[in-house]
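Protein chains: 2
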Amino acid sequence: MAEGLRERKKRRTRQHISDVATALFLERGFDAVTIAEIAEAADVSVNTVYNYFPAKEDLFLDRGEDAVDRLSRWVRGRRTGESAARAVLRELHEAVETLSPAVGLFEGCADFTRVVLEVPALRSRLWQIRQDGLGELERTLRAEVAAPDDDPVPALVAGQLDWLYAALTDRISAGMAEGRDPREVSREALALLDEMEDLLGERVLDYAVRLT
Amino acid sequence: MAEGLRERKKRRTRQHISDVATALFLERGFDAVTIAEIAEAADVSVNTVYNYFPAKEDLFLDRGEDAVDRLSRWVRGRRTGESAARAVLRELHEAVETLSPAVGLFEGCADFTRVVLEVPALRSRLWQIRQDGLGELERTLRAEVAAPDDDPVPALVAGQLDWLYAALTDRISAGMAEGRDPREVSREALALLDEMEDLLGERVLDYAVRLT
DNA sequence: ACCAAAACTTGGGGTCATTGCAAATTTGGG
DNA sequence: CCCAAATTTGCAATGACCCCAAGTTTTGGT
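Just so you know, the sequences run in chain order A and G.
Under our numbering, read the first sequence as residues 33 to 244, first letter to last.
Under our numbering, read the second sequence as residues 33 to 244, first letter to last.
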């Protein structure tokens with residue numbers, strides 16, 4: 033009874049609505065599709081849509097949740113002797129090299145990105161997700177180095193790591209939106225990563241080195 | 033005829049609407065005030081409000097425009113032998129010390145900030161303004177160092193300078209929103225500034241030194 | 001001062017996102 | 001098969017925002 037039919041059905045319904053909505057958005061653009069149309073296409077009522085998704089934006093940016101704590105996870109998972117920044121750089125490097133969807137490097141991401149970039153409401157929603165991730169990362173750093181509440185440094189370092197991620201994905205998004213080949217964009221992104229590492233201050237690069 | 037009656041009247045009407053709206057928002061909150069109420073209070077029609085302001089958010093964030101190119105102006109106005117980053121740090125230092133409204137250090141900013149922080153639409157709008165400023169700054173840096181279009185560094189340095197400004201004002205906003213004394217918040221902000229300067233990489237600190 | 005064009009304002013009439021509410025339906029358990 | 005809880009739905013509002021056509025006001029000549 034831990035996983036009733038009810039739960040499964042709800043998850044399926046939610047996914048179905050999200051899929052239908054995403055397809056419509058990609059096909060005709062975010063603004064050109066109404067909630068009523070989505071509801072009809074998904075064969076549910078408008079109220080049911082709102083039952084699962086608080087706002088229209090959430091229908092498109094459904095997969096944004098695990099991006100919220102990605103940086104935190106990377107930092108928590110850093111290796112012994114590795115700082116937070118170096119762990120993030122390493123993970124980013126790997127993600128870019130493997131054309132990971134985590135950094136937006138997959139065929140078909142272009143259409144997705146294009147829709148996001150041209151709709152202010154979606155850009156805002158992405159920014160909100162990024163903000164949440166930043167807060168999360170700051171808490172993580174604070175906990176990892178056992179910093180007192182009034183120490184401003186964890187917030188600053190979090191800001192720098194967040195900037196790494198954001199600057200990289202922004203560039204990748206821009207590249208993909210131009211319709212370029214993922215591998216070419218990846219190569220460019222690797223160069224950007226090196227450049228960014230070179231720009232970072234030593235104190236940032238050496239912050240929160242894992243001792244154990 | 034360079035400054036006809038029409039122009040003056042328009043400016044006055046616009047300002048009047050904005051003032052009325054801001055007062056209502058501060059008094060009762062952003063969401064609790066409708067455009068219709070603002071129009072009535074300002075003694076114009078709803079359509080006239082939309083004539084001057086593209087969206088409700090713009091009624092509250094009317095003064096955000098000169099913030100868009102503040103960083104650019106600071107960079108362009110840097111002294112001989114001074115880098116872009118040092119100019120920004122100097123200007124920020126001065127703004128914080130003089131309790132300049134440019135960094136949100138004035139009595140009464142607290143109410144303003146509180147409204148912004150609790151309404152997603154306003155946070156988004158502020159972020160948009162910040163994004164515009166970032167683009168502007170990147171263009172400025174690119175022009176100042178005569179960088180080729182495919183040089184990624186100006187964008188990265190712009191991101192770092194933008195981060196300086198944003199991290200500082202975020203902290204100040206948070207402090208002011210707590211109702212603390214501006215001078216106390218200012219003192220804390222100065223410490224934060226020193227910390228940030230210390231975290232910046234040398235390459236960022238020395239970018240775009242003015243030669244002439 | 002007088003007129004026609006240009007610029008502003010207004011009223012009225014939509015579209016659509018989002019919400020609240022109560023009735024109708026479905027599901028899990030006994 | 002029946003009840004109670006969870007879901008879904010229909011209905012009605014609210015309010016942002018857009019479009020258009022009909023006033024009004026301002027401007028630039030005359």
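All C-beta atoms in this analysis are idealised placements derived from N, C-alpha and C, irrespective of residue type, glycine included.
Coarse secondary structure for Met-33/G, derived from DSSP in three states: Only weak support exists for where Met-33/G lies, its pLDDT of 47 falling under 50; the value from the coordinates is given anyway. Note: Met-33/G maps to coil in three-state DSSP.
Residue span of the alpha helix (DSSP H) that contains Leu-124/G, given as start and end: Residue range 116–129 is occupied by the alpha helix (DSSP H) that includes Leu-124/G.
Below-9 Å beta-carbon distance, Trp-159/A vs any chain G residue: yes
Reduced DSSP secondary structure (H/G/I, E/B, other) of Arg-242/A: coil
Any chain G beta carbon closer than 9 Å to Ser-156/A: yes
Residue closest to Arg-203/G, alpha-carbon to alpha-carbon, out of Glu-150/G, Thr-112/G, Arg-212/G, Ala-221/G: Among Glu-150/G, Thr-112/G, Arg-212/G, Ala-221/G, the Cα nearest to that of Arg-203/G is on Ala-221/G.
Alpha-carbon spacing of Leu-169/A relative to Ala-71/G, whole angstroms: 43 Å
C-alpha gap between Trp-159/G and Leu-149/G, whole angstroms: Answer to the nearest angstrom: the Cα atoms are 12 Å apart.
Ala-178/G versus Ala-187/G: straight-line alpha-carbon distance, rounded: 13 Å
Beta-carbon proximity of Leu-103/A to Gly-165/A, cut-off 9 Å: yes
Residues near Arg-174/A in its chain [Cβ-Cβ closer than 6 Å; skip 5 each side]: Pro-186
Contacts around Val-252/A, its chain only, beta-carbon distance under 7 Å, and the 5 residues preceding and following it disregarded: Here chain A covers residues 33 to 244 and nothing more, so residue 252/A does not appear.
Own chain residues within Cβ distance below 8 Å of Asp-183/A, not counting five before or after: Arg-174
Nearest to Phe-92/G (by Cα), restricted to the options Asp-143/G, Arg-43/G, Val-76/G, Glu-229/G: Asp-143/G
Helix, strand or coil at Pro-214/G [DSSP, three-state]: helix
Contiguous alpha helix (DSSP H) assignments of at least 4 residues, all confined to the stretch 85–110 of chain A: 88–92, 97–100, 102–108
Inter-stretch contact (C-beta, 8 Å, three-pair minimum) for the stretch 234–242 of chain G and the stretch 115–135 of chain G: yes
Backbone secondary structure at Val-147/G - three-state DSSP: helix
Residue of Arg-43/A, Thr-66/A, Val-128/A minimising C-alpha distance to Asp-94/A: Arg-43/A
Pair within 9 Å by beta-carbon distance, Ala-68/A and Val-52/A: no
Beta-carbon separation (whole angstroms), Ile-49/G vs Val-100/G, contact threshold 8 Å: With a Cβ gap of about 21 Å, Ile-49/G and Val-100/G do not count as contacting.
Contact residues within the stretch 217–243 of chain G, judged by C-beta distance below 9 Å to chain A: Glu-220, Ala-223, Leu-224, Glu-227, Met-228, Asp-230, Leu-231, Leu-232, Gly-233, Glu-234, Arg-235, Val-236, Leu-237, Tyr-239
Cutoff 9 Å: Pro-152/G Cβ touching any chain A Cβ: yes
DSSP three-state assignment for Gly-61/A, whether helix, strand or coil: coil
Within chain G, the residues that Trp-195/A reaches when beta carbons sit closer than 8 Å: Identification of chain G residues near Trp-195/A by a Cβ-Cβ cut-off of 8 Å yields Gly-191, Gln-192, Trp-195, ordered along the chain.
Contact set for Leu-131/G: own chain, Cβ-Cβ below 8 Å, skip 5 residues either direction: Once the five neighbours on either side are set aside, the close Cβ partners of Leu-131/G are Leu-137, Phe-138, Pro-214, Arg-215, Ser-218.
Run of the alpha helix (DSSP H) containing Asp-202/A, from where it starts to where it stops: Asp-202/A -> alpha helix (DSSP H) spans 185–209.
Chain A contacts made by the stretch 199–213 of chain G, where a contact means CB separation under 8 Å: Ala-199, Arg-203
Minimum C-alpha distance to Ala-87/A - residue among Leu-154/A, Val-189/A, Ala-55/A, Arg-110/A: When only C-alpha atoms are compared, the closest one is Leu-154/A.
Min CB distance Met-33/G to chain A below 9 Å: With a pLDDT of 47 at Met-33/G, under the threshold of 50, the modelled position of that residue is not reliable, and the figure given next carries that caveat. False, the Cβ-Cβ gap to chain A never drops below 9 Å.
Same chain, Cβ closer than 8 Å to Leu-124/G, five either side skipped, listed in chain order: Val-135, Leu-196, Tyr-197, Leu-200, Leu-225
Contacts of Val-148/A in chain G (Cβ-Cβ under 8 Å): In chain order: nothing, as chain G lies at least about 13 Å away.
Cβ-based contacts, 8 Å cut-off: residues of the stretch 173–187 of chain G near chain A: The stretch 173–187 of chain G vs chain A, Cβ under 8 Å: Pro-184, Val-185, Ala-187.
Nearest-angstrom Cα separation, counted from Val-107/A out to Leu-193/G: Taking the straight line joining both Cα atoms gives about 24 Å.
Three-state secondary structure assigned by DSSP to Glu-139/A: coil
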